[in-house]
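Novice: Quick one: structure below, then a few questions.
There are 2 protein chains.
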Amino acid sequence: MTPLQRFEEYLKSKGLRNTDQRKFLIEQVFNRHEHFDADQLMEQLPSKGDPSYVSRPTVYRTLREFVDAGLLNRFELDGRSVYEHDYGYPQHDHLYCTKCRKLIEFTSVEIVKIRENVSKLHRFRARDHRFIIHGVCDECAKLRSRDRRQDRV
Amino acid sequence: MTPLQRFEEYLKSKGLRNTDQRKFLIEQVFNRHEHFDADQLMEQLPSKGDPSYVSRPTVYRTLREFVDAGLLNRFELDGRSVYEHDYGYPQHDHLYCTKCRKLIEFTSVEIVKIRENVSKLHRFRARDHRFIIHGVCDECAKLRSRDRRQDRV
DNA sequence: TTCTTTGCAAATTCTTTGCACCGAA
DNA sequence: TTCGGTGCAAAGAATTTGCAAAGAA
Chain A
1 MTPLQRFEEY
11 LKSKGLRNTD
21 QRKFLIEQVF
31 NRHEHFDADQ
41 LMEQLPSKGD
51 PSYVSRPTVY
61 RTLREFVDAG
71 LLNRFELDGR
81 SVYEHDYGYP
91 QHDHLYCTKC
101 RKLIEFTSVE
111 IVKIRENVSK
121 LHRFRARDHR
131 FIIHGVCDEC
141 AKLRSRDRRQ
151 DRV
Chain B
1001 MTPLQRFEEY
1011 LKSKGLRNTD
1021 QRKFLIEQVF
1031 NRHEHFDADQ
1041 LMEQLPSKGD
1051 PSYVSRPTVY
1061 RTLREFVDAG
1071 LLNRFELDGR
1081 SVYEHDYGYP
1091 QHDHLYCTKC
1101 RKLIEFTSVE
1111 IVKIRENVSK
1121 LHRFRARDHR
1131 FIIHGVCDEC
1141 AKLRSRDRRQ
1151 DRV
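Protein chains in written order, with the working numbering: chain A, 1 to 153; chain B, 1001 to 1153.
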């Protein structure tokens, strides 16, 4: 089932309507795989005046629906919401480079085990988790060490 | 070394000044152990008119300094900044109850190992991490199941 | 027709900034 | 006396909401 089909099922089950804006946003969001925030999505969309223009409030409202429908994942980074594909995409966690703000995905089976063990220990009903490792990626580390060498000259 | 003493060293090393507000906030912050956000701290402080009143901008500025000084840890939750003791407090992660918004601490040695392995694999310089498990705590789960039973009556 | 959705403008929430005066060293 | 610090008011950034008009079913 494509994301669009899946979303249409979701809308039907909730008695909601499938509008042009929603169809267009599904297309825009699932066309590319990168992580994005509301602002980056807005920039990718046609600007005011274009027939397929979508307003900012609608973008926010629709992103929330995509999350509710299980199409997207949302998490917080530097105080804003970041989205990524969820539907049909394997579970993973992230490395976050604080220099270039790049998100690198990784998978670890152990994480899920730890989550289960800890939850059992605390009688906690786990639904989800966020594991983000902050640091500096290889490229940025190299750039910075080069810069430091140049500074000394 | 007490948090205050440690902070005084930090201020001296940076050529900054130890004001009444800073001393007072250290006291207020390290008096209790719970997690808190800027708003909760403001509520705990004397209100305008009191001689030891501290303004909201100063609270924000000082919290940032406490983080820089290594006294507090900051992380994002539901779009706002949450603080907890860092200085003299062991590394740990959190369970977050989405019903009562309680944060429960847990420790796991394995987390750090995973973090090291993954970082090595991606040539990533890890500095820090955030691992938060979202779900429902035992008390809330009990309350909710009780409520559901009552609903049926 | 009915009821949801949209775009606009404005409001909210959390946090930061400019600036004149205050105060620690 | 010299900067750094504070409070005030205002600005910012991200997101949400009220409402009248538009549109799907």
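Glycine residues also receive a C-beta, built at the ideal position from the N, C-alpha and C atoms.
These numbers come from a predicted model, not from an experiment.
Taking F1030(B) as the reference, give the member of R1006(B), G1079(B) and S1052(B) with the closest Cα.
Specialist: Stepping through the second sequence from its first residue, residue 1030(B) is reached at position 30. Checked all of R1006(B), G1079(B) and S1052(B); the closest Cα to F1030(B) is R1006(B).
Novice: Among the candidates H92(A), G49(A), P3(A) and F75(A), whose CA atom is the shortest distance from the CA of A38(A)?
Specialist: Along the first sequence, one-based indexing puts residue 38(A) at 38. The option with the nearest alpha carbon to A38(A) is F75(A).
Novice: Quick check: what's the CA-CA separation for Q91(A) versus M1042(B)?
Specialist: For the purposes of this step, residue 91(A) is taken as the residue at position 91 of the first sequence. For the purposes of this step, residue 1042(B) is taken as the residue at position 42 of the second sequence. The alpha-carbon atoms of Q91(A) and M1042(B) are separated by roughly 39 Å.
Novice: Pairs of beta-carbons, one from the segment 113 to 129 of chain A and one from the segment 63 to 72 of chain A, closer than 8 Å: are there three or more?
Specialist: The answer is no - the segment 63 to 72 of chain A does not touch the segment 113 to 129 of chain A, with fewer than three Cβ pairs under 8 Å.
Novice: Starting from S81(A) and walking both ways along the alpha helix (DSSP H), at which residues does that stretch end?
Specialist: Counting from 1 along the first sequence, the entry for residue 81(A) is found at position 81. Premise fails: S81(A) lies in the beta strand (DSSP E), R80 to H85, not in any alpha helix (DSSP H).
Novice: Does R123(A) come out as helix, strand or coil in the three-state DSSP assignment?
Specialist: Counting from one through the first sequence, the residue named residue 123(A) turns up at place 123. It is coil, neither helix nor strand.
Novice: Pull up the DSSP beta-bridge partners for F24(A), would you.
Specialist: The sequence position of residue 24(A) within the first sequence is 24, counting from 1. Paired residue(s): none; F24(A) is not in a bridge.
Novice: Indicate whether at least one CB of chain A lies closer than 7 Å to the CB of R1123(B).
Specialist: Position 123 of the second sequence, counting from 1, holds the residue named residue 1123(B). Judged by the 7 Å Cβ criterion, R1123(B) is in contact with chain A.
Novice: Return the bridge partner residues of N1073(B) from the DSSP annotation.
Specialist: Residue numbering aside, residue 1073(B) sits at position 73 when the second sequence is read from its first letter. Paired residues: E1084(B).
Novice: Buried or exposed for P3(A), going by 16 or more other Cβ atoms inside 10 Å?
Specialist: One-based indexing of the first sequence puts residue 3(A) at position 3. By the 10 Å Cβ count, P3(A) comes out buried.
Novice: For H1092(B), decide whether its Cβ has a neighbour in chain A, counting only Cβ atoms nearer than 7 Å.
Specialist: Position 92 of the second sequence, counted from the start, is the residue given in the question as residue 1092(B). No, H1092(B) lies away from the interface with chain A (no Cβ there is under 7 Å from its Cβ).
Novice: Let me know if Y1053(B) comes out buried or exposed under the rule of 16 or more other beta-carbons within 10 Å of its beta-carbon.
Specialist: Counting from one through the second sequence, the residue named residue 1053(B) turns up at place 53. Exposed, by the Cβ-count rule.
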